[in-house]
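Notes for the one structure printed next.
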Amino acid sequence: MQKSFIKFAFVAMVLSVFTFTACVEDETPTDPTGPSISFVSEAGYLDGDAELQAGETFSVKVTLEQGDEALKSLTLWAGADQLAVTDFVIAGETSNNPFLIVGAGTSVTYDITVQAKDEVGSVTTYAFEVGDDASRTAEVSLAITIVAPPTTPINAEYTAVVLNNADGPDFGSLDLETGMAVSSSGADGDIQDKGIDLGQPIPSNWYQQIYPKNGATMRIPDAGQVENFSFENANTREMLAAAWDTGADAAETGVLAVGDLFMILIDEDYYLVEIGDIYVDPAANGDYYELNIKGSRKE
Numbered sequence: 044m045q046k047s048f049i050k051f052a053f054v055a056m057v058l059s060v061f062t063f064t065a066c067v068e069d070e071t072p073t074d075p076t077g078p079s080i081s082f083v084s085e086a087g088y089l090d091g092d093a094e095l096q097a098g099e100t101f102s103v104k105v106t107l108e109q110g111d112e113a114l115k116s117l118t119l120w121a122g123a124d125q126l127a128v129t130d131f132v133i134a135g136e137t138s139n140n141p142f143l144i145v146g147a148g149t150s151v152t153y154d155i156t157v158q159a160k161d162e163v164g165s166v167t168t169y170a171f172e173v174g175d176d177a178s179r180t181a182e183v184s185l186a187i188t189i190v191a192p193p194t195t196p197i198n199a200e201y202t203a204v205v206l207n208n209a210d211g212p213d214f215g216s217l218d219l220e221t222g223m224a225v226s227s228s229g230a231d232g233d234i235q236d237k238g239i240d241l242g243q244p245i246p247s248n249w250y251q252q253i254y255p256k257n258g259a260t261m262r263i264p265d266a267g268q269v270e271n272f273s274f275e276n277a278n279t280r281e282m283l284a285a286a287w288d289t290g291a292d293a294a295e296t297g298v299l300a301v302g303d304l305f306m307i308l309i310d311e312d313y314y315l316v317e318i319g320d321i322y323v324d325p326a327a328n329g330d331y332y333e334l335n336i337k338g339s340r341k342e
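First residue of the sequence shown: 44, per the numbering used here; consecutive thereafter.
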């Protein structure tokens with residue numbers, strides 16, 4: 044009887060061990076938590092795609108949060124390339140790339156200003172990547188498109204305006220505000236024909252030159268200094284201003300030929316003048332030019 048009891052007790056103990064073992068569930072592995080990064084939405088800071096003009100900067104604020112491991116670095120990218128340290132500033136910090144994070148605790152926010160690219164039409168994705176001590180990473184990004192600056196259309200244009208030989212029978216001065224020929228002796232003219240050289244015979248005595256008057260100033264534009272500059276393309280105030288700024292001062296034109304250009308500034312009003320045609324009178328002083336004019340008056 045005792046031997047049977049011992050056998051029964053042993054079998055019961057073995058079964059209880061198996062039963063206990065079968066009831067214990069395996070632990071589910073926990074995925075490690077990496078760092079996180081997010082843009083801060085705040086006035087004056089970008090948190091998404093944007094358009095900028097060439098040469099402009101933009102600013103972002105990014106908040107970095109620690110996961111299971113300590114924060115280690117912040118890397119800035121422009122497309123597939125690390126951003127040059129000369130192209131960004133981290134407020135209060137030395138701008139290294141990657142930027143090593145020291146003593147930040149579990150969370151830190153950085154104020155970053157980036158110099159955008161300067162090629163009109165370019166689209167660049169800027170990424171901000173945080174890394175931790177376990178080499179886990181996270182990033183946020185935005186795309187910057189470089190657009191041309193806004194322009195101001197010209198607001199004056201005249202075609203085939205006649206300016207006569209100042210020593211001939213008709214008016215030899217021109218009012219650029221109205222596009223009308225006026226008396227050479229009046230105060231309304233802005234440019235004037237130089238007239239004739241009395242020491243030369245009539246067929247060749249016309250100077251065929253123009254000069255500014257009554258406070259107007261003249262420059263000769265250099266087409267090579269302004270992108271895509273031509274009379275045909277000069278349809279904005281910005282292009283006229285650029286042509287003026289890079290032009291050469293002149294008291295008068297040289298001997299004019301069809302296609303020649305000169306500019307006149309009156310206060311803050313720009314005028315570009317093209318010689319459209321020239322008529323030389325071989326028998327009298329009835330010579331004249333036909334001028335094409337584009338202007339931008341300050342509004």
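From the three backbone atoms N, C-alpha and C, an ideal C-beta is built for every residue, glycine too.
To the nearest angstrom, report how far apart residue i and residue j are at their CA atoms.
{"i": "Glu275", "j": "Asn257", "result": "28 angstroms"}
{"i": "Ile239", "j": "Trp249", "result": "4 angstroms"}
{"i": "Tyr313", "j": "Met223", "result": "17 angstroms"}
{"i": "Tyr88", "j": "Met282", "result": "32 angstroms"}
{"i": "Lys337", "j": "Ile263", "result": "15 angstroms"}
{"i": "Ile309", "j": "Val204", "result": "19 angstroms"}
{"i": "Thr279", "j": "Leu143", "result": "48 angstroms"}
{"i": "Ser79", "j": "Glu162", "result": "32 angstroms"}
{"i": "Ala209", "j": "Lys160", "result": "53 angstroms"}
{"i": "Ile189", "j": "Ile197", "result": "24 angstroms"}
{"i": "Met306", "j": "Val316", "result": "6 angstroms"}
{"i": "Asp124", "j": "Leu185", "result": "15 angstroms"}
{"i": "Thr104", "j": "Thr73", "result": "According to the sequence as given, residue 104 is Lys; it is not Thr. C-alpha separation (whole angstroms): 32 angstroms."}
Could you give the C-beta distance for residue i and residue j, rounded to a whole number, given that I count them as a contact under 8 angstroms?
{"i": "Ser286", "j": "Ala300", "result": "The displayed chain sequence assigns Ala, not Ser, to residue 286. Actually they do not touch by this definition, with Cβ atoms about 19 angstroms apart."}
{"i": "Phe131", "j": "Gln109", "result": "About 23 angstroms; that fails the 8 angstroms criterion."}
{"i": "Gly229", "j": "Leu217", "result": "Not quite, the Cβ-Cβ distance comes to about 11 angstroms (not below 8 angstroms), so this is no contact."}
Comparing alpha-carbon positions, which option in the options lies nearest residue i?
{"i": "Val183", "options": "Gly122, Asp324 and Asp74", "result": "Gly122"}
{"i": "Glu270", "options": "Gln252, Thr260, Met261 and Ala284", "result": "Ala284"}
{"i": "Gly146", "options": "Ile234, Leu241, Lys115 and Thr188", "result": "Lys115"}
{"i": "Asp213", "options": "Tyr88, Gly329 and Pro75", "result": "Gly329"}
Counting C-beta neighbours from all protein chains within 10 Å, is the total for residue i 16 or more, i.e. buried, or is it exposed?
{"i": "Val323", "result": "exposed"}
{"i": "Val57", "result": "With a pLDDT of 44 at Val57, under the threshold of 50, the modelled position of that residue is not reliable, and the figure given next carries that caveat. Val57 is exposed by the Cβ-count criterion."}
{"i": "Thr64", "result": "Confidence in Thr64 is poor, its pLDDT being 46 and thus under 50, which makes the residue's placement unreliable; the coordinate value appears in the next sentence. So Thr64 ends up on the exposed side."}
{"i": "Val83", "result": "exposed"}
{"i": "Tyr247", "result": "For the sequence presented, residue 247 should be read as Ser rather than Tyr. So Ser247 ends up on the exposed side."}
{"i": "Val166", "result": "exposed"}
{"i": "Ser178", "result": "exposed"}
{"i": "Ser339", "result": "buried"}
{"i": "Asp320", "result": "exposed"}
Going by beta-carbon coordinates alone, are residue i and residue j separated by less than 7 angstroms?
{"i": "Leu126", "j": "Asn140", "result": "yes"}
{"i": "Glu174", "j": "Thr168", "result": "For the sequence presented, residue 174 should be read as Gly rather than Glu. Cβ atoms of Gly174 and Thr168: not closer than 7 angstroms."}
{"i": "Val151", "j": "Leu119", "result": "no"}
{"i": "Leu95", "j": "Ile187", "result": "yes"}
{"i": "Glu295", "j": "Tyr332", "result": "no"}
{"i": "Asp236", "j": "Gly267", "result": "no"}
{"i": "Asp111", "j": "Thr76", "result": "yes"}
So, does the CB of residue i fall closer than 7 angstroms to a CB anywhere in chain B?
{"i": "Gly135", "result": "Although the question refers to chain B, the structure presented lacks it and comprises just one protein chain."}
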